[in-house]
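Using numbering that gives the first Met the number 0, the final residue of the sequence shown is 434, and nothing's skipped along the way.
Don't be surprised by glycine CBs; every beta carbon is placed ideally from N, CA and C.
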Amino acid sequence: MATDQIPQFPAGFLWGVSTSAHQIEGAADEREPSVWDAFTAEPGRVKDGSTAAVACDHYHRHGEDVALLAGLGVDAYRFSVSWPRVNSPGGLDFYDRLVDELCAAGVRPVPTLFHWDLPVALDWLERDTASRFAEYVTVVAERLGDRVHKWITLNEPAEHTLLGHALGVHAPGSRLLFDALPVAHHQLLAHGLAVRALRAAGAGDIGIANSHGPTWPASAEPADVAAADFYDLLLGRLFADPLLLGRYPDGIGELMPSADLESDLKVISEPLDWYGVNYYAPTRVGAPQGADGEFGGVPIPAELPFSVKEIEGVPVTDFGWPVVPEGLTELLTGFRERYGDRLPPVVITENGCSYEGLDDQDRIAYLDGHIRALHRALEAGVDVRGYFVWSLLDNFEWAEGYARRFGLVHVDFATLERTPKASYAWFRDVLRAQR
Numbered sequence: 000m001a002t003d004q005i006p007q008f009p010a011g012f013l014w015g016v017s018t019s020a021h022q023i024e025g026a027a028d029e030r031e032p033s034v035w036d037a038f039t040a041e042p043g044r045v046k047d048g049s050t051a052a053v054a055c056d057h058y059h060r061h062g063e064d065v066a067l068l069a070g071l072g073v074d075a076y077r078f079s080v081s082w083p084r085v086n087s088p089g090g091l092d093f094y095d096r097l098v099d100e101l102c103a104a105g106v107r108p109v110p111t112l113f114h115w116d117l118p119v120a121l122d123w124l125e126r127d128t129a130s131r132f133a134e135y136v137t138v139v140a141e142r143l144g145d146r147v148h149k150w151i152t153l154n155e156p157a158e159h160t161l162l163g164h165a166l167g168v169h170a171p172g173s174r175l176l177f178d179a180l181p182v183a184h185h186q187l188l189a190h191g192l193a194v195r196a197l198r199a200a201g202a203g204d205i206g207i208a209n210s211h212g213p214t215w216p217a218s219a220e221p222a223d224v225a226a227a228d229f230y231d232l233l234l235g236r237l238f239a240d241p242l243l244l245g246r247y248p249d250g251i252g253e254l255m256p257s258a259d260l261e262s263d264l265k266v267i268s269e270p271l272d273w274y275g276v277n278y279y280a281p282t283r284v285g286a287p288q289g290a291d292g293e294f295g296g297v298p299i300p301a302e303l304p305f306s307v308k309e310i311e312g313v314p315v316t317d318f319g320w321p322v323v324p325e326g327l328t329e330l331l332t333g334f335r336e337r338y339g340d341r342l343p344p345v346v347i348t349e350n351g352c353s354y355e356g357l358d359d360q361d362r363i364a365y366l367d368g369h370i371r372a373l374h375r376a377l378e379a380g381v382d383v384r385g386y387f388v389w390s391l392l393d394n395f396e397w398a399e400g401y402a403r404r405f406g407l408v409h410v411d412f413a414t415l416e417r418t419p420k421a422s423y424a425w426f427r428d429v430l431r432a433q434r
């Protein structure tokens with residue numbers, strides 16, 4: 000697929016790729032355990048029975064991966080810092096070396112400070128975890144802040160709340176349903192405290208990576224429309240409104256565990272330099288079905304006031320996720336309309352797909368379509384400053400184990416050999432054409 004037909008993005012637009020610590024680092028015996036180590040040790044939690052004890056062994060092979068980044072020609076690399084590793088002897092030294100190697104390769108380091116791998120001794124149900132997070136962030140910022148000039152506080156607090164604490168299909172495996180709401184509030188509070196900690200350490204250019212996608216009612220019937228509105232509130236506005244507007248959606252604030260919600264919201268809504276969006280697909284939502292259901296391998300309990308429906312008439316990835324590039328344009332223009340001048344510049348912090356094979360033409364088509372959709376959002380007036388592909392490497396895909404391959408680079412999990420796919424070469428050529 001030709002790359003010279005992709006429209007030109009503005010000068011200074013940031014192009015990158017993303018990974019996360021637990022999914023690629025391995026070396027689990029060289030750090031303290033996380034909730035994901037405990038979760039994957041329980042039989043039946045991961046579909047293929049695997050763990051991330053070795054994963055891509057990025058901890059020992061990061062030099063190879065930095066070379067892949069340099070060969071790809073990205074401006075930036077979004078990785079995550081493992082809180083359990085920082086708590087362990089020599090753990091912060093690893094990130095110190097990684098940042099040095101990235102800078103030497105001309106690749107901007109963009110660390111995410113929490114990407115789901117909470118130390119096993121902590122619990123997001125406890126308010127104190129937010130304060131502990133800020134202390135950890137201070138340690139990282141003081142060590143890396145002389146070379147790191149773009150920061151992400153949290154990754155996808157909505158998914159971590161829903162999948163990990165409400166439905167129990169991710170770590171820590173709790174099935175609390177709506178009793179998981181304190182997890183959302185404490186993560187948002189941790190974000191705000193982290194922004195303050197970063198600024199106190201002299202850091203700037205701070206954002207968050209929130210997941211968003213359009214929510215489409217299954218029909219025009221009032222019950223389907225109401226269900227879709229609630230889904231959008233629960234998975235979207237609950238995590239965006241407090242950050243951008245300084246308030247929870249109507250009816251939500253009184254459910255949050257806070258003795259002084261107004262003060263908490265002042266912390267949560269600390270001004271951001273940019274807002275990160277992880278986009279994969281829209282969601283089609285209808286009224287509850289009256290019985291437990293499932294969508295994409297995720298259980299939808301009957302107690303929830305919505306059901307998730309298939310989006311018909313579009314391609315799907317090997318994961319079964321619908322491919323809808325125009326949903327990205329719709330999402331971003333809708334965000335601008337909803338939040339107006341309260342929306343800071345936007346960075347797409349994740350966008351990618353799972354496909355098999357080295358000649359991954361479907362991945363190329365997916366990325367081509369989404370980059371063009373992003374440009375249409377720019378043309379419509381949305382201030383978008385960057386785009387990160389998920390992911391550099393095939394990796395441990397959480398509860399799916401190693402069954403899903405999102406990487407531009409193939410990893411043989413028996414030998415750990417890295418092999419760039421056709422999409423790696425395609426994206427490299429896209430970046431060259433943008434300069």
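Collapsing the DSSP output to three states places Arg283 in a strand. In the displayed model, Ala103 falls within a helix according to three-state DSSP.
Runs of the alpha helix (DSSP H) lying entirely within the stretch 140-221 and spanning at least 4 residues, in chain order: 156-160, 180-199. Under the DSSP assignment, Leu13 falls in the beta strand (DSSP E) whose first and last residues are 13-17.
The DSSP assignment places 345-349, 383-389, 408-410, 417-419 as complete runs of the beta strand (DSSP E) inside the stretch 342-422, in order along the chain (cut-off: 3 residues).
In the displayed model, Gly275 falls within a strand according to three-state DSSP. In this structure, the straight-line span from the alpha carbon of Lys308 to that of Ser422 is close to 30 Å. Counted as a single uninterrupted DSSP element, the alpha helix (DSSP H) harbouring Gly326 occupies residues 325-338.
Comparing C-alpha distances from Leu67 to each of Ala432, Thr418, Asp428 shows the shortest one belongs to Thr418. A residue is called buried when at least 16 other Cβ atoms come within 10 angstroms of its Cβ; Leu407 meets this threshold and is buried. In this structure, the straight-line span from the alpha carbon of Leu373 to that of Val16 is close to 16 Å. Contact between Thr214 and Val284 holds: their C-beta atoms lie close to 6 Å from each other, under 8 Å. Arg77: member of the beta strand (DSSP E) spanning 75-79, first to last residue.
Look at Ser262 here: in three-state DSSP terms it is helix. A direct Cα-to-Cα measurement between Gly89 and Asp56 gives close to 17 Å. About 6 Å separates the Cβ atoms of Leu197 and Trp150, confirming a contact at the 8 Å cut-off. At a Cβ-Cβ threshold of 8 Å, Ser19 and Leu117 do not count as neighbours. In the structure shown, Ser268 adopts coil according to DSSP, grouped into three states. Annotation: Ser262 to Gly400 spans about 41 Å, alpha carbon to alpha carbon.
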